[in-house]
Every structure is written in structure tokens, then in C-alpha cells.
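Data first, discussion second: the structure below is written as C-alpha cells.
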Amino acid sequence: MTNFHELGLSKQIVATLSQLGYETATPIQEQAIPLLLQSRDMIGLAQTGTGKTAAFGLPLIEMLLKDAKRPDNRTTRTLILAPTRELVNQIAANLKAYVRGTPLKINSVVGGASINKQQQMLEKGTDILVATPGRLLDLVSRRAIGLTTVRYLVLDEADQMLDLGFIHDLRKISKMVPNKRQTLLFSATMPKAIADLAGDYLKDPVKVEVTPPGKAADKVEQYVHFVAGKNDKTVLLKNALLANPDGRSMVFLRTKHGAEKLSKHLADQQFAVASIHGNKSQGQRERALKAFRDGEIKVLVATDVAARGIDIPGVTHVFNYDLPEVPDAYVHRIGRTARAGRDGIAIAFCAPDETRLLRDIERLMNIEITVASGQRPAEMRSPARPTKARNGGNREGGNREGGNRDGGNREGGQRSANRNRGEARPARRPIFADGEAALERGEGRSNNRPTRQRNEDFRGQRRGEEAPRFEADNDLAATSDFGQGRKKQFGGPQGEGRPHRAEGRPQGHGKRDHASHGAHEPGAKRPHRGGQGRPGQAKTGGNGGPVKFGGGEGQQKRRDRA
1 MTNFHELGLS KQIVATLSQL GYETATPIQE QAIPLLLQSR DMIGLAQTGT GKTAAFGLPL
61 IEMLLKDAKR PDNRTTRTLI LAPTRELVNQ IAANLKAYVR GTPLKINSVV GGASINKQQQ
121 MLEKGTDILV ATPGRLLDLV SRRAIGLTTV RYLVLDEADQ MLDLGFIHDL RKISKMVPNK
181 RQTLLFSATM PKAIADLAGD YLKDPVKVEV TPPGKAADKV EQYVHFVAGK NDKTVLLKNA
241 LLANPDGRSM VFLRTKHGAE KLSKHLADQQ FAVASIHGNK SQGQRERALK AFRDGEIKVL
301 VATDVAARGI DIPGVTHVFN YDLPEVPDAY VHRIGRTARA GRDGIAIAFC APDETRLLRD
361 IERLMNIEIT VASGQRPAEM RSPARPTKAR NGGNREGGNR EGGNRDGGNR EGGQRSANRN
421 RGEARPARRP IFADGEAALE RGEGRSNNRP TRQRNEDFRG QRRGEEAPRF EADNDLAATS
481 DFGQGRKKQF GGPQGEGRPH RAEGRPQGHG KRDHASHGAH EPGAKRPHRG GQGRPGQAKT
541 GGNGGPVKFG GGEGQQKRRD RA
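Throughout the sequence shown, residue numbering follows full-length UniProt numbering, covering 1 to 562 in sequence.
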């Protein structure tokens, strides 16, 4: 074991750590601190509870203390990003303990809290700012904080930040900080997305790996109960909690609704329980965590997002009420127990529809979890080997290989030996009534379908009825407006033209009056308008009818020529 003074930390920091009860470094601290003091970019792979906050926090504090320059207003020298509120508050609390007796200023900003208070808090600037990506961007948009003076950038729990969809926020933030900086990335797992992220943000990074990804703490005892449904899960959970009244337990579920429902049920059964999930306010989550740490409650029901990365000492049991969809999340869950060298127990409940999830977890961890009750399904009794990744050019499936298919002894570009190259496929067997004869007549299946006459009004169209024939009472002639006994409105029968005008148009100003309502009817007259034509005389057309628009002598001549 190595003490902190041998790692290159100053006497002031070592004395503070000694007061906090830390005398020797953990494996990740022993590897990371000397490299970070050399201003190297770093990728750190470690599970929670391994001391990684001190692994990056202590060297950052050491380097900040050597530079006496204070931060400007609304700026920060160090930016630490974390995915959840709880983790941000936990990191900030640990760092504040490490900087006792120093002039360094540490602030944290998270969603769910007053942004105005956070804006006032950052007015004088800060040495270390711990933040969630979303709230940080909100403050940047308000010009409450600037990132142009950031010298150290830390991405903690980077794999979870990607899982929660923070990749776009991270890219925005990376464009706001200077290119000349020291960047640290810590993650519990190393998927391809993390490798790509490291390639974009880090320059010639050194890699520090303590616990291989997918491996749980050595002192965690793991058991699984195979159950028929959720009712069995609840019964087993209550029995386990009653059997360990002095224990401190965390129960994990996949959904916020499920976590709240189970928490209320346990509270009704007189268990000292609280819950944390995304629907809880920041104050509710902080009070629940404080009560759990202080021992006021014995059971904490949580979702993966809310509980990721939080450090709660003394957790004796972890219950996986619902198995996680992502196998890595199981490792994070059971990492809540067996911390700081203590023992812990992890119990999982597996319903029939979760056997695939359990199988993925066992593949990741390369173990077979001990069965506590129930019977392991037949398909899980022998752990399956990892499936080979598909390869488009050389795919093996039933002895089929890419362009050389071996399915039933058939090779890629060659036809089966049962059929010659020039031989055509046999004709399809007719499936309708007269078969061969129908084919010769050129009739198909659709030609034999009975046709149904569709009614115009869509009634009876599925009963094969004939469409109704329109009689006289359905014609427009029978209506009141178009009855036969009604007076003609627009002249004679169809085809009869307008009668010839016997007289010329009246003398006057040459303009025709606009026909009033009803003036189109024969014999209708309209009163004279003042100022038009001769006083006291109504204008009429040549046939005694109404005056129409247009006309004149030219129009009369055109009619005569016609």
C-alpha cells in the first residue's frame, strides 16, 4: 500500500486526508494521481466505490493550488460533468472536504434547483464547477458562466451520460472549452461509443484500468430466485427484508412507476422505506438519501438513473426486483454493496420473461449465479457460447457461406442437381374449380368470383340486391321549385333562343341600369333611378322586358347577321 505523500501530493493535502481518515491510496488512486500530476489526458476504467473521485480530484486540487491566479467573474478553471444530480452533489461534497483550509471555491449546479440562485452563486467565479450537462448549458445561455478559461475537463460516468442521451450536449460543451486543456474520462465500461468519445476529446491519453469491465466486486455473494411473476417477487422481497431487520437494503426496478408503486406497498406493510427516481423533486431525493445514510430508513427503492454512482456506506443487500435491460447496469447495481472492503449480498428475481436478461448478465460476468429458489430453465442450464457476429460476406447459417450457399448441398452460383439448367419450373397447380380447362380458356381465379351489384346509396351492397331505379318521384321535376305547374322562368322550351328585339335601344347616356332582384322575370319593371334617362320614365328593353348589360346598335347588327 502506498501513502499519499509518495504519490506527489503536498503536505497540506496529505494532512487534510489524514484528518478525514485516509492514510493509504486505493489501486486506482495509486495509478492515476502521478500521471495526472504530469498533465496527461487519461481514460480511467473503474467501478464505483473504488475511490476514483479522489483519484482525479486530489491532483486537480494540487495543480490549482500551485497557480495563485483567482478565477474571473462568471468563469471557472475546472469543469466536472456527471450524469445525475445525486452524483454531482456527491462529487462536490467530497471535493469540498479535500479543500478544507484552502482558498479554492467549489460549486455545483444541477437541474431541479433554482437557476436564479445558481446564477448568483457563480457571479464571483469558481475554481471547480461540478454540473450536469443540461443545467450547465442553461446557465451558459444566460451568460451566467463562461467556459473559455477552463483548463481541466472531467467526464465522470461517461458511459451513463451516453446512455442518457447527453452526447449532443457534450459536443456543444466541447466546442465552448479551449482546445488547450487536460481532459479526463472515467467510465465503468468501455463500449465502442466511449472509445469514439475519447478519440474526439482526448489527446494521447493514458489508460488506467483497475477492475475489468463486467466484473463485480469479489466480496459480493450473488443469488437468483426463479419466480412465476411479480407477486412472487414481492413475497420473497418482504421475507428477505424481515429476515434482516438490521440490514440496509437497496431495491432496483426498471421504471419510475414501478419503483413508486413498490415503495408505497412496502410503506403500507410498515417498512421504513423511501424511493428515488426521476419523478421526484431534487429536495425529495436529497431528503431520501440523507435519511438512508443516517439510518432513519432501512430500504431505498431506486431506478438505475437515480442511483447511479452514489456512494452510500453500509449497504448490506442489493435486490434486483427487475433485471436490467443492459447487462452492465447489473454490475453497477450490485456495486452499491461490498464497498470499502465489506461483504455484501446481491439477490435477483428472475421471471420467465427475464431469462434472456439473466443469460446476458451471466455471459458478461462469465459466471453462473447461484440459484436460491426455483429451477433454472432448461435453455439456461448450460451457458450458451457467445454468438458469432454476423458477417455479410461470409455468413454461416445451415452451412451457408456468403456467395457459396451450402443449404441442402446447394452451392452458391450452381443450381441443384435435381434440375437441369434449361429446365423450367413446373407450372403452378390451379387452385380454382375447373383447373386445367379454366387455364386453357384464359380464366383466372378472379374471373370466377361472383359479382355483386352495388347500390347507389350503399345500402344492401353485401346482400346482392339490385340498385334502385329512379322513378318520377325521385326526379327534380317533382320538387316544389321545379314542378311542372310552375311558371317558366328563363324563356321557352330547351333549344328555343331569345326572342328578337323589335325596337332599337332607347336613347340616353348609353349605359344600362343594373337589374334589380326579380328583374329577370318577364314583365317585371323597376323604378327609375334619379339622374338616369328621362325624368319619370322607366327604362325597358325592346320587348318590354328588363334592360340587359351591354348591347347597343353593334349588338343588334350582330344579331341580325346571325
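Even for Gly, the Cβ is constructed at its ideal location relative to N, Cα and C.
Of the other Cβ atoms in all chains shown, 16 or more fall within 10 Å of the Cβ of residue 30; this residue is therefore buried. Around the beta-carbon of residue 356, fewer than 16 other beta-carbon atoms lie within 10 Å, marking it exposed. In the three-state DSSP reduction, residue 271 falls in the coil class, being neither helix nor strand. Looking from the CA of residue 225, the closest CA among 347, 87, 72 and 92 belongs to 347. Its chain contains 193 as the residues whose beta carbon lies nearer than 6 Å to that of residue 162, once the 5 sequence neighbours on both sides are disregarded; these appear in chain order. Rounded to the nearest whole angstrom, the C-alpha separation of residue 351 and residue 55 is 40 Å.
Across the set 95, 48 and 6, the C-alpha of 48 shows the shortest separation from the C-alpha of residue 312. Under the DSSP assignment, residue 161 falls in the alpha helix (DSSP H) whose first and last residues are 158–163.
Judged by their CB atoms, residue 186 and residue 44 are nearer to each other than the 8 Å cut-off. Taking the Cα positions, residue 113 is about 42 Å away from residue 366. DSSP places residue 6 in no alpha helix (DSSP H); its state is neither H nor E.
Each residue's CA atom was taken as its position, placing residue 199 and residue 182 some 14 Å apart. Under the DSSP definition of a beta bridge, residue 207 partners with 43. Under the 10 Å beta carbon count, residue 142 is surrounded by fewer than 16 other beta carbons and is classified as exposed. DSSP places residue 223 inside the beta strand (DSSP E), whose first and last residues are 220–226. Counted as a single uninterrupted DSSP element, the beta strand (DSSP E) harbouring residue 77 occupies residues 76–81. Taking 8 Å as the upper bound for CB-CB distance, residue 132 and residue 85 are in contact here, some 7 Å apart.
Residue 222 and residue 50 do not touch by the CB rule: their CB atoms are close to 19 Å apart, not below 8 Å. Taken through DSSP and simplified to helix, strand or coil, residue 370 comes out as strand. Distance from the CA of residue 377 to the CA of residue 354, rounded to the nearest whole angstrom, comes to 11 Å. Between residue 233 and residue 227, the C-beta spacing is below 8 Å.
Out of 38, 273, 258 and 262, the CA that lies nearest to the CA of residue 245 is found in 273. Sequence-distant partners of residue 62 (beyond 5 residues in either direction) whose C-beta falls short of 8 Å from its own C-beta, in its chain, are 8, 9, 10, 13 and 37.
When C-beta atoms of the segment 267–285 are compared with those of the segment 322–342, fewer than three pairs fall below 8 Å, so the two segments do not count as touching.
In the pairwise beta carbon analysis, the segment 151–158 is classified as not touching the segment 98–117: fewer than three pairs are separated by under 8 Å. If you compare the alpha carbons of 89, 32, 315 and 83 with that of residue 283, the shortest gap goes to 89.
Counting along the chain, residue 176 sits inside the alpha helix (DSSP H) bounded by residues 167–176.
Going by C-alpha positions, residue 20 is about 15 Å away from residue 26. Each residue's CA atom was taken as its position, placing residue 201 and residue 169 some 14 Å apart.
Counting along the chain, no beta strand (DSSP E) covers residue 330; the unbroken alpha helix (DSSP H) around it starts and ends at 327–334. In this structure residue 249 is in contact with residue 319, their Cβ atoms being roughly 6 Å apart against a cut-off of 8 Å. Here residue 130 is not near residue 97, since their CB atoms are 8 Å or more apart. Residue 32 sits away from residue 188, with the two beta carbons spaced by 8 Å or more.
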